[in-house]
Amino acid sequence: MPSVKSLESNQDLQDFIDRFDNFLFDCDGVIWHGDELIKGVKNVLELLRKSNKKLIFVTNNATKSREAFKAKFDRLGIQAELISGQYIICDWREGSEDELASENLKFCGGTDPADNEFIDLMDFSSIKTDKEVGAVMCGFDMHINYKKLAKAHRYLHENPDCHFILTNDDSTFPTDGSLFPGSGAISAPLRYAMLGKKDPIVVGKPNQPMLDCILEKHKLEPSRSCMIGDRLDTDIAFGINGGLSTLLVLTGVVTRADVNQPKPRSCQNM
1 MPSVKSLESN QDLQDFIDRF DNFLFDCDGV IWHGDELIKG VKNVLELLRK SNKKLIFVTN
61 NATKSREAFK AKFDRLGIQA ELISGQYIIC DWREGSEDEL ASENLKFCGG TDPADNEFID
121 LMDFSSIKTD KEVGAVMCGF DMHINYKKLA KAHRYLHENP DCHFILTNDD STFPTDGSLF
181 PGSGAISAPL RYAMLGKKDP IVVGKPNQPM LDCILEKHKL EPSRSCMIGD RLDTDIAFGI
241 NGGLSTLLVL TGVVTRADVN QPKPRSCQNM
């Protein structure tokens, strides 16, 4: 496995910057923690822009539409070109409520009050399906419940042509100084229920659909591009899998000690 190099001196940093035309940034744990900008981020971004580098922000966070994320960047005083998991779905299969609405496409579930309720024990009468549904999309949902899972399972189990899509499969995400269950943890019951029957298509990092969209939209040369992130299993693996160089920052999930631990298979070439 190639050695991991730390950027310690100003010359190390300048040499690194000079190698690339394009920098792709994760957001949570790299640009901000919650609603707070990480110290030094604005200065780094200004330095890269003054050096005529292209900056793209790449997030697996599917809780907001691109417009909502743009508003957050604006509040933090950052000019941003954003690529997110739900945008990839919209680009490939039209997903996320805000993205769907903007395309005048029908959707059900999600924030619908009819699905955001507890049901009586062993009462399955309210778990109805719609024959027009052709895809089940799972993202981050703080109101996940049995009714939503059961309805999604019925669509997938009863319709062999129904697509199973995950915005991402992150096990956790950092915010407010701690780690919380991510979209991957939330979709785990449904994935387990469909084990051996239907595998989901995962569009977020480190999977190929997101990178394909970025490369096509921005006409990037992978050899002149660098992915910057705080997770080995998503951000760094995303860059490696796509032939990009990678830079791990220690402001989010991973610590310096973690770098020397055995890595996930997808990160073995870091």
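Reminder that position 244 of the sequence shown reads as 244 in full-length UniProt numbering, one-by-one numbering, no gaps.
Cβ atoms here follow ideal geometry from the backbone N, Cα and C, with glycine treated the same way.
Where residue i sits in the DSSP three-state scheme
{"i": "D248", "result": "The sequence as given places Leu at residue 248; Asp does not occur at that position. In the structure shown, L248 sits in a strand (DSSP, three-state: E or B)."}
{"i": "I186", "result": "helix"}
{"i": "G229", "result": "strand"}
{"i": "F118", "result": "coil"}
{"i": "C213", "result": "helix"}
{"i": "V58", "result": "strand"}
{"i": "T175", "result": "strand"}
{"i": "P113", "result": "coil"}
{"i": "R93", "result": "With a pLDDT of only 39 at R93, under 50, the local geometry of the prediction cannot be trusted, and the value read off the model is given with reservation. Note: R93 maps to coil in three-state DSSP."}
{"i": "S65", "result": "coil"}
{"i": "P222", "result": "helix"}
{"i": "L82", "result": "strand"}
{"i": "V202", "result": "strand"}
{"i": "F238", "result": "helix"}
Distance, residue j Cα to residue i Cα
{"i": "V41", "j": "P222", "result": "24 Å"}
{"i": "N52", "j": "N61", "result": "27 Å"}
{"i": "D258", "j": "G182", "result": "20 Å"}
{"i": "A71", "j": "D123", "result": "42 Å"}
{"i": "T246", "j": "F118", "result": "44 Å"}
{"i": "I228", "j": "D235", "result": "7 Å"}
{"i": "R231", "j": "D120", "result": "40 Å"}
{"i": "H143", "j": "D115", "result": "9 Å"}
{"i": "L48", "j": "Q261", "result": "31 Å"}
{"i": "G184", "j": "E46", "result": "34 Å"}
{"i": "G110", "j": "L13", "result": "44 Å"}
{"i": "I214", "j": "S65", "result": "17 Å"}
{"i": "K128", "j": "I31", "result": "42 Å"}
{"i": "L37", "j": "P113", "result": "34 Å"}
{"i": "K219", "j": "Y146", "result": "43 Å"}
{"i": "V203", "j": "M210", "result": "6 Å"}
{"i": "R256", "j": "K148", "result": "39 Å"}
{"i": "D28", "j": "K151", "result": "31 Å"}
{"i": "E132", "j": "P160", "result": "13 Å"}
{"i": "D176", "j": "H157", "result": "38 Å"}
{"i": "C108", "j": "D18", "result": "48 Å"}
{"i": "T172", "j": "L76", "result": "24 Å"}
{"i": "A80", "j": "S126", "result": "43 Å"}
{"i": "K217", "j": "A68", "result": "21 Å"}
{"i": "D21", "j": "K50", "result": "12 Å"}
{"i": "I240", "j": "C162", "result": "31 Å"}
Per-residue burial, residue i [other beta carbons within 10 Å of its own, 16 or more giving buried]
{"i": "Y155", "result": "buried"}
{"i": "S187", "result": "buried"}
{"i": "L248", "result": "buried"}
{"i": "L7", "result": "exposed"}
{"i": "S9", "result": "exposed"}
{"i": "A237", "result": "buried"}
{"i": "C226", "result": "buried"}
{"i": "S84", "result": "buried"}
{"i": "G242", "result": "buried"}
{"i": "D130", "result": "exposed"}
{"i": "N43", "result": "exposed"}
{"i": "L244", "result": "buried"}
Expected contact under 8 Å - CB spacing of residue i and residue j to nearest Å
{"i": "N165", "j": "A135", "result": "The sequence shown places Ile at residue 165, not Asn. The pair is a contact, with the Cβ atoms about 6 Å apart (cut-off 8 Å)."}
{"i": "C138", "j": "L179", "result": "20 Å between Cβ atoms; not a contact."}
{"i": "P200", "j": "V253", "result": "That belief does not hold up - the Cβ atoms of P200 and V253 are roughly 23 Å apart, past 8 Å."}
{"i": "L55", "j": "F16", "result": "Not really, about 15 Å apart at Cβ, beyond 8 Å."}
{"i": "N168", "j": "K205", "result": "7 Å"}
{"i": "T63", "j": "F140", "result": "5 Å"}
Residue i: CB within 7 Å of a non-hydrogen atom of the ligand COA
{"i": "R154", "result": "The model on display carries no ligand, and the ligand COA is accordingly not part of it."}
Point to revise | Unbroken stretches of the beta strand (DSSP E), 3 residues or longer, contained in the stretch 116 to 173 | key: Qualifying beta strand (DSSP E) stretches, in chain order: 135 to 138, 163 to 166.
**Study point:** Segments assigned beta strand (DSSP E), at least 3 residues, entirely inside the stretch 2 to 39
**Key:** For the beta strand (DSSP E) assignment, the uninterrupted runs of no fewer than 3 residues enclosed by the stretch 2 to 39 are, from N- to C-terminal side, 22 to 25.
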